[in-house]
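Here's the structure we're looking at; comments come further down.
There are 2 protein chains.
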Amino acid sequence: MTAALAGSAQGGRAELSDLKVIAFDVFGTVVDWHTGIAAEAERLLPGVDGSAFALAWRAGYQPAMKSVMERMAGEAGHSGGFTLLDELHMSILERVLHDFGQTDIDPAIKRELNRAWHRLPAWPDAVAGLTRLKKKYIICTLSNGNIGLLTEMAKGAGLPWDCVLSAEVFKAYKPDPRTYLGVAAVFDVAPGHVMLAAAHHDDLAAARACGLKTGYIERPSEFGGARPKDVSPQPDNSLHARDIGALADLLGC
Amino acid sequence: MTAALAGSAQGGRAELSDLKVIAFDVFGTVVDWHTGIAAEAERLLPGVDGSAFALAWRAGYQPAMKSVMERMAGEAGHSGGFTLLDELHMSILERVLHDFGQTDIDPAIKRELNRAWHRLPAWPDAVAGLTRLKKKYIICTLSNGNIGLLTEMAKGAGLPWDCVLSAEVFKAYKPDPRTYLGVAAVFDVAPGHVMLAAAHHDDLAAARACGLKTGYIERPSEFGGARPKDVSPQPDNSLHARDIGALADLLGC
Numbered sequence: 005m006t007a008a009l010a011g012s013a014q015g016g017r018a019e020l021s022d023l024k025v026i027a028f029d030v031f032g033t034v035v036d037w038h039t040g041i042a043a044e045a046e047r048l049l050p051g052v053d054g055s056a057f058a059l060a061w062r063a064g065y066q067p068a069m070k071s072v073m074e075r076m077a078g079e080a081g082h083s084g085g086f087t088l089l090d091e092l093h094m095s096i097l098e099r100v101l102h103d104f105g106q107t108d109i110d111p112a113i114k115r116e117l118n119r120a121w122h123r124l125p126a127w128p129d130a131v132a133g134l135t136r137l138k139k140k141y142i143i144c145t146l147s148n149g150n151i152g153l154l155t156e157m158a159k160g161a162g163l164p165w166d167c168v169l170s171a172e173v174f175k176a177y178k179p180d181p182r183t184y185l186g187v188a189a190v191f192d193v194a195p196g197h198v199m200l201a202a203a204h205h206d207d208l209a210a211a212r213a214c215g216l217k218t219g220y221i222e223r224p225s226e227f228g229g230a231r232p233k234d235v236s237p238q239p240d241n242s243l244h245a246r247d248i249g250a251l252a253d254l255l256g257c
Numbered sequence: 005m006t007a008a009l010a011g012s013a014q015g016g017r018a019e020l021s022d023l024k025v026i027a028f029d030v031f032g033t034v035v036d037w038h039t040g041i042a043a044e045a046e047r048l049l050p051g052v053d054g055s056a057f058a059l060a061w062r063a064g065y066q067p068a069m070k071s072v073m074e075r076m077a078g079e080a081g082h083s084g085g086f087t088l089l090d091e092l093h094m095s096i097l098e099r100v101l102h103d104f105g106q107t108d109i110d111p112a113i114k115r116e117l118n119r120a121w122h123r124l125p126a127w128p129d130a131v132a133g134l135t136r137l138k139k140k141y142i143i144c145t146l147s148n149g150n151i152g153l154l155t156e157m158a159k160g161a162g163l164p165w166d167c168v169l170s171a172e173v174f175k176a177y178k179p180d181p182r183t184y185l186g187v188a189a190v191f192d193v194a195p196g197h198v199m200l201a202a203a204h205h206d207d208l209a210a211a212r213a214c215g216l217k218t219g220y221i222e223r224p225s226e227f228g229g230a231r232p233k234d235v236s237p238q239p240d241n242s243l244h245a246r247d248i249g250a251l252a253d254l255l256g257c
């Protein structure tokens with residue numbers, strides 16, 4: 005249950021005394037998508053380089069969401085054309101399979117592979133860290149994953165969320181302000197009573213611009229052990245923690 | 005962990021072999037709103053008849069939702085005017101306070117009383133029954149309560165939901181088909197793989213019309229011990245159970 009501090013508060017710790025909700029980014033922050041997708045790709049597509057396949061699939065994620073949001077912004081209704089991440093994942097998968105020369109894959113195999121995102125393994129510290137934080141705070145997801153994906157993932161990995169919030173609830177993907185402000189609205193608190201915890205500085209910067217507190221979680225091997233990520237602290241974050249256990253330490257849980 | 009059977013399968017038990025999700029109505033089915041609201045009314049409004057106050061407040065619930073849905077149906081956007089139950093509860097509360105001659109109540113007391121719906125006690129069988137069902141099924145709420153209300157209630161009462169679904173997610177209240185079909189869509193299953201469990205036959209009938217399975221939960225004292233409710237079985241329900249533990253028995257959990 006103890007986790008060494010890898011970083012320290014970047015200032016503003018006193019301001020955290022009225023924190024009520026911690027919303028977690030999920031892919032990369034709470035679960036290890038690279039390991040999970042690479043293993044499932046190698047299992048279902050014999051001979052494929054699982055790590056390269058996982059990286060290519062994930063690389064299609066931001067452009068796919070951007071495309072949906074641009075289309076929605078061009079429409080009157082704004083939320084009518086919202087697309088679930090399961091569907092975006094499938095359309096990206098089709099292209100990646102083509103790029104990897106996997107042109108004759110059974111549709112049932114494609115569906116099973118697409119649902120690998122529902123079965124991702126938690127980082128080793130996640131369940132214990134979240135369990136500690138849950139005693140003091142409301143803990144929820146704030147992910148671009150759809151609710152079904154996040155719920156099945158939580159059930160499989162034992163993630164003890166108080167509730168599952170998602171782009172699907174707000175009909176907008178991060179970094180749209182509606183997602184960060186939506187968490188505060190759901191719990192009827194000011195944005196400053198919510199912290200986003202994430203392994204991605206761009207996500208945290210967008211949350212901070214909405215008035216949320218931010219907690220950076222180091223995940224140096226998010227892209228695989230062979231591609232270590234720079235996890236240097238950035239001074240604007242409220243907290244910087246090696247992992248979720250260390251975040252619980254910093255918050256006195 | 006054992007709960008005696010109070011009813012029996014009303015047919016179609018074999019059809020339940022492919023059940024994947026059980027969505028629970030919450031007020032009356034999982035939590036005891038009458039006891040909870042009566043106690044909080046008596047605590048915060050000395051001299052008031054808590055039971056009568058709770059019944060009057062709850063009686064305003066269906067008309068308030070109907071009014072919002074009629075207004076939304078008259079608008080172009082359809083979901084733009086959706087109102088959270090917390091807000092509906094507050095506007096009903098203002099009227100009930102007036103009717104009970106409580107015309108000089110501090111706004112902070114009103115807010116605390118309104119949040120009594122977030123603090124409702126679970127029926128004694130709920131936590132153990134849900135914990136058993138959760139091992140075999142995805143268990144979620146399907147309530148007209150807002151997400152924040154349901155999440156805080158779950159945290160207070162220890163309700164182990166896999167996820168919190170609500171009218172707020174679907175921007176429509178039960179018995180609108182979008183809510184029942186929305187649960188199936190969230191989990192990407194056919195409506196027949198979802199059961200609604202509820203203590204109210206009208207809710208169950210609306211779910212059944214959408215193709216869901218239905219489980220009736222007896223709550224004879226939903227309106228207080230002095231006003232026993234008819235909990236006779238209705239043959240169209242897939243299952244009839246005395247409580248949530250009995251539902252787990254019937255489903256072999």
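Sequences listed follow chains A and B, in order.
Here our numbering = 1-based position in the first sequence + 4.
Here our numbering = 1-based position in the second sequence + 4.
Just so it is clear, CB atoms sit at the ideal spot from N, CA and C, and this is done for glycine as well.
Min CB distance residue i to chain A below 8 Å
i: B/Val168; result: yes
i: B/Phe28; result: no
i: B/Gly3; result: What the structure shows of chain B is the stretch from 5 to 257, and residue 3 of chain B is not part of that stretch, so it cannot be assessed.
i: B/Val131; result: no
i: B/Ala13; result: Confidence in B/Ala13 is poor, its pLDDT being 44 and thus under 50, which makes the residue's placement too unreliable to answer from.
i: B/Thr6; result: In this prediction, B/Thr6 has a pLDDT of 33, which is less than 50 and means its spatial position is unreliable; what the coordinates show is noted afterwards. No, because no Cβ of chain A sits closer than 8 Å to the Cβ of B/Thr6.
Minimum C-alpha distance to residue i - residue among the options
i: B/Ala43; options: B/Leu243, B/Glu74, B/Leu117; result: B/Leu117
i: B/Ala211; options: B/Gly228, B/Met94, B/Asp22, B/Ile26; result: B/Ile26
i: B/Thr87; options: B/Leu216, B/Leu251, B/Phe174; result: B/Phe174
i: B/Ala171; options: B/Thr183, B/Leu163, B/Leu49; result: B/Thr183
i: B/Ala161; options: B/Ser21, B/Glu19, B/Val35, B/Leu20; result: B/Val35
i: B/Phe104; options: B/Gly229, B/Glu46, B/Leu153; result: B/Glu46
i: A/Tyr177; options: A/Lys140, A/Asn150, A/Pro239, A/Ala120; result: A/Asn150
i: B/Asp90; options: B/His102, B/Glu79, B/Ile109, B/Lys114; result: B/Lys114
i: B/Asp129; options: B/Phe191, B/His38, B/Leu163; result: B/Leu163
i: B/Thr39; options: B/Trp127, B/Asp240, B/Leu101; result: B/Trp127
i: A/Arg119; options: A/Arg99, A/Leu146, A/Leu48; result: A/Leu48
i: A/Pro50; options: A/Arg99, A/Leu92, A/Asp108; result: A/Asp108
i: B/Ser21; options: B/Val131, B/Met199, B/Asp234; result: B/Met199
i: B/Arg259; options: B/Ala60, B/Leu146, B/Lys70; result: Chain B is shown only over 5 to 257; residue 259 of chain B falls outside these bounds and no answer can be derived.
i: B/Leu240; options: B/Leu146, B/Gly215, B/Asp110, B/Asp180; result: A small correction: the amino acid at residue 240 of chain B is Asp; Leu does not occupy that position in the sequence shown. The shortest Cα separation from B/Asp240 among B/Leu146, B/Gly215, B/Asp110, B/Asp180 belongs to B/Gly215.
i: A/Leu146; options: A/Glu79, A/Arg62, A/Val131, A/Pro179; result: A/Pro179
i: B/Asn148; options: B/Lys70, B/Gly229, B/Glu19; result: B/Lys70
Beta-carbon proximity of residue i to residue j, cut-off 8 Å
i: B/Pro195; j: B/Leu208; result: no
i: A/Ala201; j: A/Phe31; result: no
i: B/Ile142; j: A/Lys159; result: yes
i: B/Leu134; j: B/Met157; result: no
i: B/Gln106; j: B/Val72; result: no
i: A/Gly261; j: A/Met76; result: This structure cannot settle anything about residue 261 of chain A, because the visible part of chain A is limited to 5 through 257.
i: B/Val187; j: B/Cys257; result: no
i: B/Leu169; j: B/Val190; result: yes
i: A/Leu101; j: A/Trp121; result: no
i: A/Leu255; j: A/Lys140; result: yes
Distance between beta carbons of residue j and residue i, contact taken as under 8 Å
i: A/Ala58; j: A/Ile41; result: 4 Å
i: B/Ile96; j: B/Gly64; result: 4 Å
i: B/Ser236; j: B/Thr218; result: Contact doesn't hold; Cβ gap of about 15 Å is too wide.
i: B/Leu23; j: B/His197; result: 6 Å
i: A/Asp253; j: B/Thr155; result: 25 Å between Cβ atoms; not a contact.
i: B/Thr33; j: B/Ala213; result: Actually they do not touch by this definition, with Cβ atoms about 19 Å apart.
CB contact check: residue i to chain B, cutoff 8 Å
i: A/Lys217; result: no
i: A/Gly78; result: no
i: A/Lys159; result: yes
i: A/Phe191; result: yes
i: A/Thr87; result: no
i: A/Thr155; result: yes
i: A/Gly152; result: yes
i: A/Ile41; result: no
i: A/Val72; result: no
i: A/Ile96; result: no
i: A/Ile142; result: yes
i: A/Val173; result: yes
i: A/Arg246; result: no
i: A/Leu9; result: Confidence at A/Leu9 is low in this model, with a pLDDT of 38, below 50, so its placement is unreliable and the value that follows should be read with caution. It does not; no Cβ of chain B falls within 8 Å.
Is there contact here, the region 246 to 255 of chain B with the region 211 to 223 of chain B, by at least three beta-carbon pairs under 8 Å?
yes
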